[in-house]
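Colleague: First, the structure itself, so that you have it in front of you.
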DNA sequence: CAGACATATGCTCCGATAGGAATATATCGC
DNA sequence: GCGATATATTCCTATCGGAGCATATGTCTG
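Chains as they are written, first to last, in my numbering: chain S, 14 to 125; chain D, 14 to 125.
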């Protein structure tokens, strides 16, 4: 089975997964949301299904797809050792910003 | 510039990044550790460098490569919405295991 | 059954890319 | 300078995967 890394290298597939992260969707829903030709959506779904990243259930003439997040844990795990890097960076960035703009009277941020 | 997702789709590149996560290394170090031909390592390093995932400094006749983790934050951010899925799963798994094997006298696990 | 709608599959073309082997560039010690 | 070591680049080839379009399969309504 293909690695989850290879699967999510494709932008349309990431978009599909992101949509399914919030809710189950039919092929037509995805087609509309992503403005992709239907065969293209179906093909990406097939790849995702075979990699275990989604599963489908039948609902009348449509098929509803939903996330199967397990394979993404491989990515999550691989990413772990790098977290310490950007956490210190975020800290450094925060310190930097604090120096530029010393934390003044607590109040809510203005809308932009 | 290529998306970080496309870059880390390649297993050798992931291996390089993982090695660099713990320490700076020369091309020769990587070549040995990964058992890859040297031109192959250099090519992958070029791709990584152009994507901003590593940077190098000169040290005599060698070049030492180190991580630049910023582009990986794109992956981290994309992954965020899926965390809730496997966190509830981990919870469910824990509850399941607790039921199978009720948390008894605290002690260290045996070696296998 | 027909005809409409939803989804899946087959096929061809094309571009991107990894691998391998040879070679080029750079820097060291002498 | 020379030879040795470390790294980068070039060229070639084979492969893979996505785009696009046509078509097949499946399921509903009447």
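By construction, the Cβ of each residue, glycine as well, lies at the ideal position given by its N, Cα and C atoms. The structure displayed is predicted, hence computed values, not measured ones.
(1) Going by alpha carbons, who is nearest to residue 60 (chain S) out of S:78, S:45, S:47?
(2) Looking at C-alpha atoms only, which residue of S:81, S:74, S:75, S:28 is the closest neighbour of residue 57 (chain S)?
(3) Compile a chain-ordered list of the residues in the region 58-83 of chain S whose CB is closer than 8 angstroms to at least one CB of chain D.
(4) What residues in its chain sit with their C-beta under 8 angstroms from that of residue 63 (chain D), if we drop five residues either side in the sequence?
(5) Using DSSP with H/G/I as helix, E/B as strand and the rest coil, what is residue 80 (chain D)?
(6) Which bits of chain D does residue 34 (chain S) rub up against, with CB to CB less than 9 angstroms?
(7) Count the other C-beta atoms from every protein chain shown that fall within 10 angstroms of the C-beta of residue 123 (chain D), then say buried if there are 16 or more, exposed otherwise.
(8) Could I get the ranges of all uninterrupted alpha helix (DSSP H) runs contained in the region 16-76 of chain S, with 4 residues as the minimum, in chain order?
(9) Within 10 Å of its beta-carbon, does residue 71 (chain D) have 16 or more other beta-carbons around it, so buried, or fewer, so exposed?
(10) Buried or exposed, going by whether 16 or more other CB atoms sit within 10 Å of the CB of residue 82 (chain S)?
(11) Skipping 5 residues on each side, what residues in its chain have a beta carbon closer than 6 angstroms to that of residue 54 (chain D)?
(12) Establish whether the CB of residue 43 (chain D) and some CB of chain S are separated by less than 8 angstroms.
(13) In three-state terms, what does DSSP make of residue 14 (chain D)?
(14) Keeping to the same chain, check which residues put their C-beta closer than 8 angstroms to that of residue 51 (chain D); ignore five residues upstream and five downstream.
(15) Taking residue 94 (chain S) as the reference, which of D:47, D:89, D:25, D:97 has the closest Cα?
(16) Give me the Cβ distance between residue 36 (chain S) and residue 85 (chain S), rounded to the nearest whole Å; I'm assuming they're in contact under 8 angstroms.
Modeller: The short version:
(1) S:78
(2) The residue with the shortest Cα to Cα distance from residue 57 (chain S) is S:28.
(3) 80, 82, 83
(4) 14, 15
(5) strand
(6) Result: 94, 95, 97, 98.
(7) With a pLDDT of only 45 at residue 123 (chain D), under the threshold of 50, the placement of this residue in the model should not be trusted; the figure read from the coordinates follows. Flag for residue 123 (chain D) reads exposed.
(8) 17-20, 24-35, 40-47, 51-63
(9) exposed
(10) buried
(11) Exclusion of the five residues before and after residue 54 (chain D) leaves 40, 43, 44 as the residues of its chain whose Cβ lies within less than 6 angstroms of its Cβ.
(12) no
(13) coil
(14) 40, 41, 44
(15) D:89
(16) So it is not a contact: roughly 17 angstroms between Cβ atoms.
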